[in-house]
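J.:
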Amino acid sequence: MQLQRSEMHRFEARGEPFVYLVPSAAVFQLDPISAAVLDGLNGEARDARHIVDELSDRFAADDVTTTLEELVNVRALRHEGSPSNEVPLDLPPEEMPLQNLVLNVTSKCNLSCGYCYEYGDDRLSEASAMPDMMSDETARQSVDLLFEEAGPSPVVHLTFFGGETLLNLRVLKEATHYARAKGAEVGKRVEIGLTTNATLLKPDVITWLIDNDIGVTVSIDGPKEMQDRFRIFQSGEGSYGVIEPKVRELLRRHRRRAIGARVTLTQQNLDVQRIFRHLSDDVGFLEVGFAPVTTSTCRDYAIDEDGYVRMLGAFEELGHEFVEATVAGRHHAFSNVKETIEEIHKGVSKAYPCGAGLGLLGVSTGGDVGLCHRFAGSGDHTLGSVTEGIDKSGQRQFLEEHHIAYKPDCHSCWARPLCSGGCYHEAQTRYGSTKSPNLHYCDWIRSWTHTCLELYGELATRAPGYLGRLDA
Amino acid sequence: MKHLQPINRKAERIETLVEDNDIVALQDDGANIPLGCSFVFQPGWEADSKGGTAGLCQPVERDLFDCYITCFWPAHVPDLYNHAPDWTSKCGSAAKDWRKIDLIFP
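Protein sequence lines, in the order shown, are assigned to chains A and B. All residue numbers for the first sequence refer to the numbering used here, where the first residue is 197 and numbers rise by one. All residue numbers for the second sequence refer to the numbering used here, where the first residue is 780 and numbers rise by one.
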């Protein structure tokens, strides 16, 4: 009986060996025998009897035989010649409930951040063809569409995005009121959130956010000199001085939701540790998430290879801090690691990188429905409108064409259950097609996923209670 | 299991399936949709693209009409012209009503 290893990724935590199986995304801790068996099967297929013989000086034959059976049962080993795990083309059901509708309530912004994908050189949306502000009517129609398409889902999520959302406060208020009333009428919970640059967070706006239980994400890049490098007013003046007191007031008063900071990292702004310390420890954000800027390679703010290495090192540091805090029962705000650890814990194996076009859609200011907020208003990626409904055949075609089964580059990568090719918008910007996997950050994703697996293994041994809470 | 300890939720599910000896579920590595017929067209060979049987045509769960009309390989489907013309009469929609299709004995 010739046996060979299936697709897997080995990692260690606290000196103990673990294995991450692909594509099932199962994580097993290995004992010394199973670890020795897998070590010995690094290359070609080998006969089971040879494996038993070879390990006979260290382990009893019966134990090795049972181990081989167990490894075959969980698909860590397979019989030579049996087909390898292909990437199955399992399309989602036709009627996927819409969970989250993102409304681009305005395409205008009072800041002129150099790297903005809505306005910068890499923009996709056809801003001139759309109204600057979403109307009350379009916002109400969007809410109607969300409820119509939500199916049996007991919760719907409405997210406001822009431009700067608070420039269209009137429509935010109208849509919030309308959605809450409609939710009460049909018995669905409505979760509402928005992203803002914080420049317009006046006391009465904060009161409105609190009274309406609205989740807030603040786009902010760090301490003054970092924030002011790209996040500037049209005059060129930095925005830190304007937003700092407002953000502090928001965090002090709005305690019902975990207010998050969303940081854009650029080649010029990569001191992750310093940004984190400022936003978490000094300003007091409960969640701080980092995202590398989305850009084509030619921009001077695009992060280069060395930059990605530095970013990884900083993420690793914060990841270890997160584990130590969690073990000690303290909160830690580094949200990038939390999301991945939760996905590892649940054993997520993704056919699509994200919910865009599946359970999430975006609406442009004019009412066009797009894949997500980043695509709303770009003609080529329109999937209907709030008046005419979702273009179901277009949506179906998108899902058929973008399945991981059609990304052969990803088929030999062990990180595909979690990455699945990466952001469509990033791919469109980088490679001119949403169908392309984001090959420029493969190494980075694999390294970061490896780190997250190590951190997960450590949490599993040191703080199993924390992982238990992720089941809820 | 003695030598492998399931850590995440997916591993726990796999362990349960192994203990229950649920062969069909274990063949399912994430694909919930059968992938079609046998990939080797030889009599006596009955394995799907994953080496198991879960993805093969099963007369009561696959597309019945394609099996007996268009498929070149003789499937185990009754002869609807001569012996069992009413075989699918209670089955308005194969997706919903396939349980209503009964076995036919010659």
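Each residue gets a CB set at the ideal place from its N, CA and C atoms; glycine is no exception. Being a predicted model, the structure only gives us computed values, none of them experimental.
Residues in the same chain with beta-carbon distance under 7 Å from T583 of chain A, minus the five sequence neighbours each way, listed in chain order, please.
T.: Same-chain partners within the cutoff: Q337 and G563.
J.: Counting only beta-carbon atoms, is H541 of chain A nearer than 8 Å to chain B?
T.: It does: the Cβ of H541 of chain A has a partner Cβ on chain B nearer than 8 Å.
J.: Within 10 angstroms of its Cβ, does M422 of chain A collect 16 or more other Cβ (buried), or is it exposed?
T.: Classification for M422 of chain A: buried.
J.: So, does the region 492-505 of chain A touch the region 451-470 of chain A, judging by three or more C-beta pairs under 8 Å?
T.: Counting Cβ pairs under 8 Å, three or more are found: they touch.
J.: Would a check of beta-carbon distances place I247 of chain A closer than 8 Å to chain B?
T.: I247 of chain A does not count as touching chain B.
J.: How would you call G860 of chain B, buried or exposed, if buried means at least 16 neighbouring beta carbons within 10 angstroms?
T.: Note that residue 860 of chain B is Tyr in the sequence shown, not Gly. Exposed, by the Cβ-count rule.
J.: Between A:D253, A:T361 and A:I402, which has its C-alpha nearest S303 of chain A's C-alpha?
T.: Of the listed residues, the one whose Cα sits closest to S303 of chain A is A:T361.
J.: Assess contact between the region 513-522 of chain A and the region 249-259 of chain A, defined as three or more Cβ pairs (one per stretch) separated by less than 8 Å. Is contact present?
T.: As far as the Cβ criterion goes, the region 513-522 of chain A does not touch the region 249-259 of chain A, which means the pair count is below three.
J.: Given a threshold of 16 other Cβ atoms within 10 Å of its Cβ, counted over all protein chains shown, does P822 of chain B qualify as buried or as exposed?
T.: Legend: pLDDT at P822 of chain B = 35, less than 50; position of this residue unreliable, no value from coordinates given.
J.: Under the three-state reduction of DSSP, which class applies to Y216 of chain A: helix, strand or coil?
T.: Residue state, collapsed to three classes: strand.
J.: Where F343 of chain A and N269 of chain A are concerned, what is the direct C-alpha to C-alpha distance, given to the nearest angstrom?
T.: So the alpha carbons of these two residues sit roughly 44 Å apart.
J.: For the candidate residues A:F429, A:W640, A:V438 and A:S476, whose alpha-carbon lies nearest to that of A454 of chain A?
T.: Looking at the Cα atoms, A:S476 is the closest of the given residues.
J.: Can you name the start and end residues of the beta strand (DSSP E) that I883 of chain B belongs to?
T.: I883 of chain B -> no beta strand (DSSP E), and no H or E assigned at all.
J.: Name the DSSP bridge partner or partners of M326 of chain A?
T.: Looking at the DSSP assignment, M326 of chain A forms no beta bridge with any residue, so it has no partner.
J.: Which residues bound the beta strand (DSSP E) around Q225 of chain A?
T.: Start and end: V223 to L226.
J.: So which residues of chain B does Q200 of chain A contact, with C-beta pairs closer than 7 Å?
T.: Per Cβ cutoff of 7 Å: no residues; Q200 of chain A is ~13 Å from chain B at best.
J.: Would E650 of chain A and E250 of chain A qualify as a contact pair, given that the criterion is a beta-carbon distance under 8 Å?
T.: No. Outside cutoff.
J.: Taking C-beta to C-beta, are L368 of chain A and E538 of chain A nearer than 8 Å?
T.: No, they are not a contact pair.
J.: Looking at the ligand SAM, does it come within less than 7 Å of R642 of chain A, judged from the CB to the closest heavy atom?
T.: In the structure shown, the ligand SAM is absent, as is every other ligand, since no ligand is present at all.
J.: When you check each C-beta in the region 863-879 of chain B against every C-beta of chain A, which residues fall closer than 7 Å?
T.: The residues in question: there are none.
J.: Using only CA atoms, which one of A:G551, A:S629, A:G661 and A:R570 lies nearest to P288 of chain A?
T.: Taking only the C-alpha atoms, the option nearest P288 of chain A is A:G551.
J.: Under DSSP, the beta strand (DSSP E) around D496 of chain A begins and ends at which residues?
T.: Here D496 of chain A belongs to no beta strand (DSSP E), and DSSP marks it neither H nor E.
J.: Does chain A have any CB closer than 8 Å to the CB of I786 of chain B?
T.: Yes, because at least one Cβ of chain A sits closer than 8 Å to the Cβ of I786 of chain B.
J.: Would you say V839 of chain B reaches chain A, if we count a Cβ-Cβ gap shorter than 8 Å as a contact?
T.: Summary for V839 of chain B: the model assigns pLDDT 43, below 50, so the residue's position carries little reliability; its value from the coordinates is reported in the next sentence. Not one chain A Cβ lies under 8 Å of V839 of chain B.
J.: CB W610 of chain A to CB V223 of chain A, shorter than 8 Å?
T.: Not in contact: W610 of chain A and V223 of chain A (Cβ atoms no closer than 8 Å).
J.: Which of the three DSSP states, helix, strand or coil, is assigned to P419 of chain A?
T.: It is coil, neither helix nor strand.
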